[in-house]
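Down below is the structure, laid out as structure tokens.
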Amino acid sequence: MSKIPFITKEKAEEIISKFPTPFHIYDEKGIRENARRLKEAFSWNKGFKEYFAVKATPNPTILKILKEEGCGTDCSSYAELLMSKKCGFVNPDIMFSSNDTPEEEFKYASEVGAIINLDDITHIDMLEKVCGIPETICCRYNPGGTFSISTTIMDNPGDAKYGMTREQIRDAFIRLKELGAKEFGIHSFLASNTVSNEYYPTLARILFKLAVELKEETGVHIGFINLSGGVGVPYTPDKEPNDIYVIGQGVKEAFEEILVPAGMGDISIFTELGRFMLAPYGHLVTTAIHEKHTHKEYIGVDACAANLMRPAMYGAYHHITVLGKESAPCDHMYDVTGSLCENNDKFAIDRKLPKIDMGDIIVIHDTGAHGFAMGYNYNGRLKSAELLLREDGSVIEIRRAETVDDYFATLDNYWNCI
Ligand SMILES: *Cc1c(COP(=O)(O)O)cnc(C)c1O
Numbered sequence: 567m568s569k570i571p572f573i574t575k576e577k578a579e580e581i582i583s584k585f586p587t588p589f590h591i592y593d594e595k596g597i598r599e600n601a602r603r604l605k606e607a608f609s610w611n612k613g614f615k616e617y618f619a620v621k622a623t624p625n626p627t628i629l630k631i632l633k634e635e636g637c638g639t640d641c642s643s644y645a646e647l648l649m650s651k652k653c654g655f656v657n658p659d660i661m662f663s664s665n666d667t668p669e670e671e672f673k674y675a676s677e678v679g680a681i682i683n684l685d686d687i688t689h690i691d692m693l694e695k696v697c698g699i700p701e702t703i704c705c706r707y708n709p710g711g712t713f714s715i716s717t718t719i720m721d722n723p724g725d726a727k728y729g730m731t732r733e734q735i736r737d738a739f740i741r742l743k744e745l746g747a748k749e750f751g752i753h754s755f756l757a758s759n760t761v762s763n764e765y766y767p768t769l770a771r772i773l774f775k776l777a778v779e780l781k782e783e784t785g786v787h788i789g790f791i792n793l794s795g796g797v798g799v800p801y802t803p804d805k806e807p808n809d810i811y812v813i814g815q816g817v818k819e820a821f822e823e824i825l826v827p828a829g830m831g832d833i834s835i836f837t838e839l840g841r842f843m844l845a846p847y848g849h850l851v852t853t854a855i856h857e858k859h860t861h862k863e864y865i866g867v868d869a870c871a872a873n874l875m876r877p878a879m880y881g882a883y884h885h886i887t888v889l890g891k892e893s894a895p896c897d898h899m900y901d902v903t904g905s906l907c908e909n910n911d912k913f914a915i916d917r918k919l920p921k922i923d924m925g926d927i928i929v930i931h932d933t934g935a936h937g938f939a940m941g942y943n944y945n946g947r948l949k950s951a952e953l954l955l956r957e958d959g960s961v962i963e964i965r966r967a968e969t970v971d972d973y974f975a976t977l978d979n980y981w982n983c984i
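Taking our numbering, the leading residue of the sequence shown gets 567, the next gets one more, and so forth.
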């Protein structure tokens with residue numbers, strides 16, 4: 567099985583004649599269609615809303631597209647809040663799901679009218695001090711232990727720094743109610759990049775039961791449950807993608823089984839997806855510039871881990887297509903590398919690919935989320951441009967590439983000192 571890029575070799579050549587590689591390019595049509603599927607899958611829930619996790623793809627053009635599709639944003643820093651505000655997101659379309667939060671950021675979140683999601687019980691006092699307790703408030707829950715779907719362990723919440731324990735979330739609700747909060751939300755993120763239609767329904771069951779219990783124990787009104795992120799995408803071509811309609815139905819069944827009988831059928835379901843919304847709709851496009859035959863066969867490209875960190879950081883697999891060689895046999899084994907002086911700067915290790923010639927254009931798949939965003943400047947490498955393939959087939963630049971002037975811009979009086 568293979569993954570089909572959303573641009574052809576001819577299209578890539580046309581784009582490259584204007585915008586040199588490397589660059590990230592996003593597929594507007596794919597993004598919109600996927601956002602519509604998500605919305606439809608949860609249309610049974612009156613208050614449903616997706617708060618796009620800005621950290622995945624922090625680009626205003628992308629945020630505006632998602633805004634047009636009815637999404638809000640999920641932020642966890644000042645810059646993300648500011649970008650959301652500048653893009654026209656207003657209360658209640660911004661969620662502030664941060665952790666280890668500085669006072670000023672709570673203050674700013676409150677100013678822009680974000681729904682504040684408290685990661686820790688100590689943040690109640692901080693929030694009260696810096697901006698007062700808002701009427702609508704959310705708390706993040708961490709049940710500890712391991713998180714399993716049937717018998718498979720999916721992740722380890724007990725090792726995760728996020729969220730409040732069961733006792734803490736009850737105490738937090740009681741305290742927040744005393745301090746004037748009226749509308750409560752519950753948030754939890756228990757497994758990352760799940761390729762399983764069971765993740766959200768399993769999480770929903772846990773949170774719906776918790777909501778019923780908390781309502782009884784504390785008497786608060788729970789207005790929404792935020793299933794957060796974690797619905798993943800198959801980075802390898804052998805895996806079946808999640809079916810968002812099946813996921814939506816699974817959550818609906820849990821909702822009707824647990825919340826409706828408890829008289830809590832008015833609860834809105836929120837999501838904070840990042841990867842699922844964007845990953846498949848981004849490519850990192852790069853050119854083969856070097857081949858090296860030593861103890862292994864290497865292909866050097868003009869992108870590096872500074873443009874896409876996931877392989878270096880997590881050993882993540884990203885599928886590669888050599889444009890124009892889609893149907894050529896994969897009879898060569900390569901390490902595809904960037905230029906960093908770090909041996910983990912490899913987009914692929916021992917990957918079977920068609921024979922690569924210098925100048926070949928290479929598409930690295932599924933870079934639309936947590937791709938450009940995780941970029942950095944090690945070795946003085948610069949961040950690339952971001953482009954948008956629009957629905958009419960035209961291509962626009964939505965962020966220019968960095969220049970060395972950008973790289974030096976934060977050095978005070980640099981040129982005077984040397
Ligand atoms: C990262 C993050 C998300 C998005 O996660 P994805 O895996 O990209 O869906 C959502 N909510 C919070 C609080 C996060 O930290």
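Cβ atoms here follow ideal geometry from the backbone N, Cα and C, with glycine treated the same way.
Test: residue i CB closer than 9 Å to a CB of chain B
i    : result
R736 : Here there is only one protein chain, and chain B is not present.
Straight-line Cα distance separating residue j from residue i
i    : j    : result
S837 : E892 : A small correction: the amino acid at residue 837 is Thr; Ser does not occupy that position in the sequence shown. Cα to Cα, the separation comes out at about 36 Å.
A871 : P877 : 8 Å
A899 : Q815 : Checking the sequence shown, residue 899 turns out to be Met, not Ala. Those two C-alpha atoms are separated by around 43 Å.
I865 : C907 : 15 Å
F774 : V797 : 18 Å
H753 : M830 : 16 Å
M720 : M692 : 33 Å
K695 : E733 : 23 Å
S623 : V656 : Before going further, note that residue 623 is Thr rather than Ser in the sequence given. Roughly 19 Å between the two C-alpha positions.
T731 : D923 : 55 Å
R841 : T802 : 15 Å
Y880 : E599 : 29 Å
I582 : G959 : 15 Å
I699 : I824 : 29 Å
I715 : F608 : 21 Å
N943 : H936 : 16 Å
N763 : Y811 : 9 Å
P846 : L745 : 44 Å
V902 : V929 : 12 Å
A914 : H849 : 15 Å
L756 : D686 : 16 Å
E749 : L955 : 41 Å
K673 : T667 : 10 Å
T574 : E580 : 10 Å
T519 : G934 : This structure does not reach residue 519, given that the chain is present from 567 up to 984, and the question cannot be answered.
N808 : F974 : 43 Å
Y883 : R947 : 22 Å
M875 : R602 : 29 Å
P679 : S642 : The residue asked about is misnamed: residue 679 is Gly in this sequence, not Pro. Taking the straight line joining both Cα atoms gives about 14 Å.
T718 : N979 : 56 Å
L977 : V970 : 12 Å
C-beta contact flag for residue i and residue j at 9 Å
i    : j    : result
I886 : P626 : no
A556 : T688 : Residue 556 falls outside the range modelled here, since the chain spans only 567 to 984, and no answer is possible.
G890 : G613 : no
Y617 : M661 : yes
C896 : K912 : no
I735 : L780 : yes
I681 : C704 : yes
T784 : F821 : no
Y644 : E669 : no
F938 : E952 : yes
K577 : S834 : no
M843 : I597 : yes
I791 : G751 : yes
V961 : K584 : yes
K805 : V761 : yes
S950 : A869 : yes
Cβ-Cβ separation, residue j to residue i (assumed contact under 8 Å), whole Å
i    : j    : result
V620 : S664 : About 12 Å separates the two Cβ atoms, so there is no contact after all.
L742 : R706 : Contact flag wrong, Cβ pair sits at about 13 Å.
D932 : V799 : 6 Å
Item to check | Three-pair Cβ contact test at 8 Å for the region 694 to 713 versus the region 722 to 729 | outcome: yes
Item to check | Uninterrupted alpha helix (DSSP H) stretches inside the region 770 to 833 (no shorter than 4 residues) | outcome: 810 to 820
Checklist entry - How about the region 577 to 596 and the region 761 to 774: do they share at least three Cβ pairs that are nearer than 8 Å? => result no
Checklist entry - Do three or more CB pairs link the region 850 to 859 to the region 623 to 639 at distances below 8 Å? => result no
Checklist entry - For the region 698 to 744, which segments carrying the alpha helix (DSSP H) assignment without a break, of at least 4 residues, lie completely within its bounds, in sequence order? => result 732 to 744
Checklist entry - At which residue ranges does the region 585 to 663 contain complete alpha helix (DSSP H) runs of 4 or more residues, listed in the order of the chain? => result 594 to 607, 626 to 634, 644 to 652
Checklist entry - Residue ranges of each beta strand (DSSP E) run of no fewer than 3 residues wholly in the region 854 to 897, ordered along the chain? => result 863 to 867, 886 to 888
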